[in-house]
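Residue numbers (my numbering), protein chains in the order written: chain A, 1 to 251; chain B, 1 to 284; chain C, 1 to 301.
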Amino acid sequence: MDPILSIQNLNLHYSGQHILKNINLSIPDRKITVLLGPSGCGKTSLLRCINRLTDLHEDVKLSGSIMMNGQDVLDRNMDVNELRRKTGLVSQRPYPLPMSIFDNVAYGMRIHGERRKSVLKEKVRHYLGKASLWDEVKDRLNEPAGRLSIGQQQRLCIARGLAVEPEIILADEPTSALDPMSSRSIEEEFVRLKKDYAVIMVTHILRQARRIADHVVFIYMGEIVEQAPAEEFFSNPKEERTRMYLEGLFN
Amino acid sequence: MKTKEAEERVMLWIMRFAALSIVLVLGLIILSILIRGLPSLSWDMISQIPKGGFYYGKEGGILNAIIGSLYLSAGATLLAMIIGIPAALYINVYAARHDRMAAAARFFLDLLWGVPSIVYGAFAFSMMILLGMRTSLLAGIVTVALFILPIMIRAIDEVLRSVSPGLSEASYALGATRTQTAFRVLVKQTMPGIITAILLSFGRAIGDAAAVLFTTGYTDHIPTSPDQPAATLPLAIFFQLSSPIPEVRDRAFAAAVVLTLIILIISLLARWLSHKYEKRRIKF
Amino acid sequence: MRPFSKIRDKAAWLWMLGSMVLVLIVPVLIAYGLIAKSTPLFQDNLIVDILMGSDWKPVRGSFGFLPFIAGSVYVTLMALLIATPLCLLTAIYLTHYARKRTLRLMHPIIDILAGIPSVVYGVWGILVIVPLVSDTIAPMFGVSTSGYTLLSGALVLAVMIIPFILNIMIEVMRSIPEELTESSMALGATRWQSVKKVIMRKAAPGLASAVVFGLSRAFGETIAVLMVIGNVPKVPASVFDPAYPLPSLIANNYGEMLSIPRYDAALMFAALILFVIVLLFNLASRFFITRYEMKQKGTLK
Ligand SMILES: Nc1ncnc2c1ncn2[C@@H]1O[C@H](COP(=O)(O)OP(=O)(O)O)[C@@H](O)[C@H]1O
Ligand SMILES: [Mg+2]
Numbered sequence: 001m002d003p004i005l006s007i008q009n010l011n012l013h014y015s016g017q018h019i020l021k022n023i024n025l026s027i028p029d030r031k032i033t034v035l036l037g038p039s040g041c042g043k044t045s046l047l048r049c050i051n052r053l054t055d056l057h058e059d060v061k062l063s064g065s066i067m068m069n070g071q072d073v074l075d076r077n078m079d080v081n082e083l084r085r086k087t088g089l090v091s092q093r094p095y096p097l098p099m100s101i102f103d104n105v106a107y108g109m110r111i112h113g114e115r116r117k118s119v120l121k122e123k124v125r126h127y128l129g130k131a132s133l134w135d136e137v138k139d140r141l142n143e144p145a146g147r148l149s150i151g152q153q154q155r156l157c158i159a160r161g162l163a164v165e166p167e168i169i170l171a172d173e174p175t176s177a178l179d180p181m182s183s184r185s186i187e188e189e190f191v192r193l194k195k196d197y198a199v200i201m202v203t204h205i206l207r208q209a210r211r212i213a214d215h216v217v218f219i220y221m222g223e224i225v226e227q228a229p230a231e232e233f234f235s236n237p238k239e240e241r242t243r244m245y246l247e248g249l250f251n
Numbered sequence: 001m002k003t004k005e006a007e008e009r010v011m012l013w014i015m016r017f018a019a020l021s022i023v024l025v026l027g028l029i030i031l032s033i034l035i036r037g038l039p040s041l042s043w044d045m046i047s048q049i050p051k052g053g054f055y056y057g058k059e060g061g062i063l064n065a066i067i068g069s070l071y072l073s074a075g076a077t078l079l080a081m082i083i084g085i086p087a088a089l090y091i092n093v094y095a096a097r098h099d100r101m102a103a104a105a106r107f108f109l110d111l112l113w114g115v116p117s118i119v120y121g122a123f124a125f126s127m128m129i130l131l132g133m134r135t136s137l138l139a140g141i142v143t144v145a146l147f148i149l150p151i152m153i154r155a156i157d158e159v160l161r162s163v164s165p166g167l168s169e170a171s172y173a174l175g176a177t178r179t180q181t182a183f184r185v186l187v188k189q190t191m192p193g194i195i196t197a198i199l200l201s202f203g204r205a206i207g208d209a210a211a212v213l214f215t216t217g218y219t220d221h222i223p224t225s226p227d228q229p230a231a232t233l234p235l236a237i238f239f240q241l242s243s244p245i246p247e248v249r250d251r252a253f254a255a256a257v258v259l260t261l262i263i264l265i266i267s268l269l270a271r272w273l274s275h276k277y278e279k280r281r282i283k284f
Numbered sequence: 001m002r003p004f005s006k007i008r009d010k011a012a013w014l015w016m017l018g019s020m021v022l023v024l025i026v027p028v029l030i031a032y033g034l035i036a037k038s039t040p041l042f043q044d045n046l047i048v049d050i051l052m053g054s055d056w057k058p059v060r061g062s063f064g065f066l067p068f069i070a071g072s073v074y075v076t077l078m079a080l081l082i083a084t085p086l087c088l089l090t091a092i093y094l095t096h097y098a099r100k101r102t103l104r105l106m107h108p109i110i111d112i113l114a115g116i117p118s119v120v121y122g123v124w125g126i127l128v129i130v131p132l133v134s135d136t137i138a139p140m141f142g143v144s145t146s147g148y149t150l151l152s153g154a155l156v157l158a159v160m161i162i163p164f165i166l167n168i169m170i171e172v173m174r175s176i177p178e179e180l181t182e183s184s185m186a187l188g189a190t191r192w193q194s195v196k197k198v199i200m201r202k203a204a205p206g207l208a209s210a211v212v213f214g215l216s217r218a219f220g221e222t223i224a225v226l227m228v229i230g231n232v233p234k235v236p237a238s239v240f241d242p243a244y245p246l247p248s249l250i251a252n253n254y255g256e257m258l259s260i261p262r263y264d265a266a267l268m269f270a271a272l273i274l275f276v277i278v279l280l281f282n283l284a285s286r287f288f289i290t291r292y293e294m295k296q297k298g299t300l301k
């Protein structure tokens with residue numbers, strides 16, 4: 001199957017610092033690709049390159065290419081707003097927008113021009129359901145999103161991201177702010193989501209990677225050390241540094 | 001959907017224009033004051049008192065107002081320090097124990113922060129009538145001190161509050177009393193910040209016209225004792241500007257330049273000090 | 001501990017406590033003094049006549065405050081109307097669009113604007129704003145005026161309160177986590193959409209607090225406004241009419257207040273109005289900022 005995203009010779013500099021070094025990576029559709037690596041190795045930065053959130057920083061240098069649907073994401077003429085719609089981001093901590101639960105999910109659709117009440121209602125219901133939140137919030141859609149528990153907020157953020165109908169989901173340690181129970185259910189959520197989307201998930205929790213990954217990419221100090229199908233990666237790592245990491249010698 | 005990008009671009013230009021206009025206005029203010037006032041500013045202007053009355057006499061300068069303003073602001077700042085520094089320490093050393101009390105004191109001071117100086121002036125004037133006092137440097141000093149007190153205390157308080165509690169605790173652990181901690185540790189540690197706060201209060205004092213209008217009076221002479229009235233720069237500008245005689249108006253504009261320069265120097269000095277202070281502060 | 005240092009400690013403590021008490025007592029004294037001094041005004045005038053009457057003839061004992069209250073309200077609201085959008089746009093620009101360096105450069109400019117004395121603003125008003133209004137703005141509307149108008153007062157006042165409003169607005173905007181903007185932009189919103197629909201909503205109470213704070217500064221501003229607003233005790237009918245705000249009333253007439261009966265009471269009442277209004281506005285501003293902080297914490301929990 002053709003990869004949905006193909007990264008070639010990607011280099012990222014933040015204020016002269018070389019953060020990502022010559023990244024080459026293919027992301028398969030409808031699989032979970034896990035980016036693994038110790039904290040500070042550049043996982044978040046890599047995700048931010050994919051939806052061009054790197055544009056928001058000062059003094060950034062990006063080179064290489066990220067091909068998506070035959071278009072280079074890093075192209076100057078790329079419509080970044082459309083790009084970001086196609087790449088849903090789930091961040092480390094949930095940041096619910098300061099509005100009602102309903103409006104949180106409807107926000108992105110409205111941004112992209114959907115005005116029809118009935119369509120919005122239907123889709124909000126659909127995507128809240130998809131994020132397994134509908135049953136819990138269906139009676140309180142008009143309450144401020146801030147009143148939800150953190151776990152529910154993270155689900156809301158997932159629903160919010162799904163509602164703009166992305167093709168890829170970028171998840172940056174989506175469980176790191178959650179308690180073990182909610183973490184588990186969010187994990188299961190992503191396993192369900194991979195039926196319809198390509199998922200790139202960052203984590204530094206080995207066990208989590210083992211549980212959900214189809215494909216693993218190990219990043220260390222801005223470089224890809226090794227990438228392989230999950231089974232192969234965990235059972236038979238080729239690189240010395242990978243073996244050390246799997247044995248917990250870096251953390 | 002290209003409209004949203006277009007909207008953003010238009011808004012960005014409007015925002016740039018807004019920011020630029022604020023910068024330009026500051027430039028314009030300083031420039032217009034300098035252009036009008038600098039030609040009148042001579043050595044004689046700042047070294048002589050007015051001759052033949054400040055409102056009608058064509059000769060002489062604004063030395064009376066410069067000295068008067070310095071006396072007044074220095075006096076008011078000193079008086080405010082004597083009350084303000086201990087009050088700020090009280091909030092941070094004694095009241096800090098009871099969070100509610102410190103919060104209440106700060107809340108109260110914030111309410112007072114914006115009370116216009118004319119209210120202080122009017123109140124002080126009516127008190128002076130009650131006590132049969134005439135306008136004098138001392139009355140002005142007391143009034144202005146009261147007016148700048150809330151400003152000074154809150155500014156010092158912010159500085160003291162920025163010192164982490166670890167520092168005071170370390171001091172208590174060494175057996176120091178609260179008072180010793182307050183003066184030897186807190187004040188020493190935050191000295192540049194406190195000086196900045198005092199400088200800014202001084203700036204407030206020297207620039208204020210409404211409180212001195214009623215209380216300090218105006219005179220051609222340099223006061224030799226606190227019970228005499230005194231001229232001040234803001235009032236030198238305010239009164240002389242309305243004179244029909246061009247030479248007198250020139251004195252007003254020259255005074256405006258002097259006052260602006262004093263404020264600019266204070267402002268830059270305060271900035272420089274607080275920069276140094278940011279760097280030197282011990283972090284726990 | 002030696003007894004001597006114990007005494008010294010006690011003395012220092014008393015000094016601190018005394019200072020604090022003094023600071024807290026002064027405003028109470030001011031309030032009491034102003035109330036006591038202004039009560040004679042109400043002995044033979046109804047409060048309604050005083051607040052709503054527009055006849056101001058101290059010599060004949062008629063004190064209608066309406067022209068002054070109207071003057072203060074008009075000039076303050078107009079100044080806010082000019083300053084608020086400017087500050088809001090600038091604050092958004094500096095915190096969301098400009099480079100960090102630009103914000104750093106802007107800080108001293110704001111500080112200097114805040115530090116320029118009122119009377120210097122007045123001089124600037126006379127040199128620049130008054131001629132601008134009489135020679136350029138008024139003729140555009142087919143009006144001829146001396147330039148000493150409500151509009152001139154409002155323009156000068158607007159510039160004076162800009163640094164105060166802008167400073168708070170920048171602080172408020174900066175306290176909102178960048179990730180919130182990013183969350184919105186990650187959904188495909190432009191930065192402007194994110195600011196408009198998300199950040200402004202989150203910042204609303206803080207921004208309101210900034211505006212109310214500016215309101216309270218503007219309401220009590222005396223000398224600069226007095227110098228350019230014309231000071232005619234009539235309710236202004238247009239922005240090109242002169243006006244006469246409360247602070248100007250006090251400042252212009254304190255000299256004569258003893259020679260006319262009840263005049264002193266009237267001026268003290270004007271001071272009392274200023275005092276109360278400013279306290280109320282400050283209270284409102286605190287209320288908004290507290291709500292804002294609570295809101296911040298509420299969602300961070
Ligand atoms: N905006 C930025 N400016 C400068 N350096 C940054 C920025 N963001 C991240 N970095 C640096 O890039 C490196 C990688 O960070 P990040 O991608 O967040 O790592 P990870 O997500 O793997 O923990 C770190 O050394 C970090 O300090
Ligand atoms: Mg990270």
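Quick reminder that beta carbons are idealized off the backbone N, C-alpha and C, glycines included.
- Under the 10 Å beta carbon count, residue 102(C) is surrounded by fewer than 16 other beta carbons and is classified as exposed.
- For the stretch 186-202 of chain C, the set of residues with a beta-carbon nearer than 7 Å to any beta-carbon of chain A comprises 186, 187, 188, 189, 190, 193, 198, 201, 202, in chain order.
- Counting along the chain, the unbroken alpha helix (DSSP H) around residue 205(B) starts and ends at 191-207.
- Contact check for residue 131(C) against residue 147(C) passes: the beta carbons are separated by less than 9 Å.
- Residue pairing of residue 98(A) in beta bridges, as defined by DSSP: absent, with no partner found.
- The count of Cβ pairs closer than 8 Å, one atom from the stretch 146-157 of chain B and one from the stretch 193-206 of chain B, reaches three, so the stretches are in contact.
- Residue pairing from DSSP places residue 13(A) in a beta bridge opposite 18(A), 61(A).
- Here the alpha carbon of residue 161(C) sits roughly 25 Å from the alpha carbon of residue 268(C).
- Legend: CB atoms of the stretch 103-120 of chain C lying less than 7 Å from CB atoms of chain B belong to residues 108, 109, 111, 112, 113, 115, 116, 117, 118, 119, 120.
- Residue contact check for residue 87(A) against chain C: a CB pair falls below 9 Å.
- The C-beta separation of residue 194(A) from residue 32(A) comes to about 5 Å, placing the pair in contact by the 8 Å criterion.
- In this structure, residue 39(A) has its CB closer than 8 Å to one or more heavy atoms of ligand 2.
- DSSP, read as helix, strand or coil, puts residue 104(A) in helix.
- Taking one beta carbon from each stretch, the stretch 65-80 of chain A and the stretch 32-43 of chain A have fewer than 3 pairs nearer than 8 Å; the two do not touch.
- With a cut-off of 8 Å, the C-beta of residue 199(A) is classified as distant from ligand 2, since no heavy atom of the ligand falls inside that distance.
- Inter-residue distance for residue 136(A) and residue 100(A) is about 15 Å (C-alpha atoms, whole angstroms).
- In summary, the residues of the stretch 278-300 of chain C whose CB is separated from some CB of chain B by less than 8 Å are 278, 279, 281, 282, 283, 286, in the order they occur in the chain.
- Not one heavy atom of ligand 1 sits closer than 8 Å to the Cβ of residue 205(A).
- Counting of Cβ neighbours within 10 angstroms places residue 59(B) among the exposed residues, the total staying below 16.
- Under DSSP, residue 56(C) takes part in a beta bridge, and its partners are 63(C).
- Around the C-beta of residue 245(A), 16 or more other C-beta atoms lie within 10 Å, and the residue is accordingly described as buried.
- By the Cβ-count criterion, residue 175(B) is exposed, with fewer than 16 other Cβ atoms from all chains shown falling within 10 Å of its own Cβ.
- Taken in chain order, the members of the stretch 156-180 of chain C whose beta-carbon sits within less than 9 Å of a beta-carbon on chain A are 177, 178, 179, 180.
- A distance of 9 Å or more separates the beta carbons of residue 218(A) and residue 46(A).
- One alpha carbon belongs to residue 82(C), the other to residue 218(C), and they sit about 12 Å apart.
- Of the candidates 236(C), 33(C), 285(C), the residue whose Cα lies closest to the Cα of residue 120(B) is 33(C).
- Remark: the C-beta of residue 173(A) is in contact range of ligand 2, defined as less than 8 Å to any heavy atom.
- Residue side-chain check: residue 89(A) keeps its Cβ at 8 Å or more from all non-hydrogen atoms of ligand 1.
- The way I'd put it, the stretch 82-91 of chain B does touch the stretch 13-20 of chain C; three or more beta-carbon pairs between them come closer than 8 Å.
- Excluding five sequence positions before and after residue 121(C), the CB atoms of its chain that fall closer than 6 Å to its own CB belong to 156, 160, 224, given in chain order.
- If you check the CB distance, residue 189(C) and residue 81(A) come in under 9 Å.
- A Cβ of chain C is located within less than 9 Å of the beta carbon of residue 84(B).
- Looking from the CA of residue 180(C), the closest CA among 196(C), 169(C), 167(C), 62(C) belongs to 196(C).
- Using a C-beta cut-off of 8 Å, the stretch 184-192 of chain B makes no contact with the stretch 230-247 of chain B, since fewer than three inter-stretch Cβ pairs fall below that distance.
- Residue 48(C) and residue 130(B) have their C-alpha atoms some 29 Å from each other.
- In the pairwise beta carbon analysis, the stretch 202-222 of chain C is classified as not touching the stretch 102-116 of chain A: fewer than three pairs are separated by under 8 Å.
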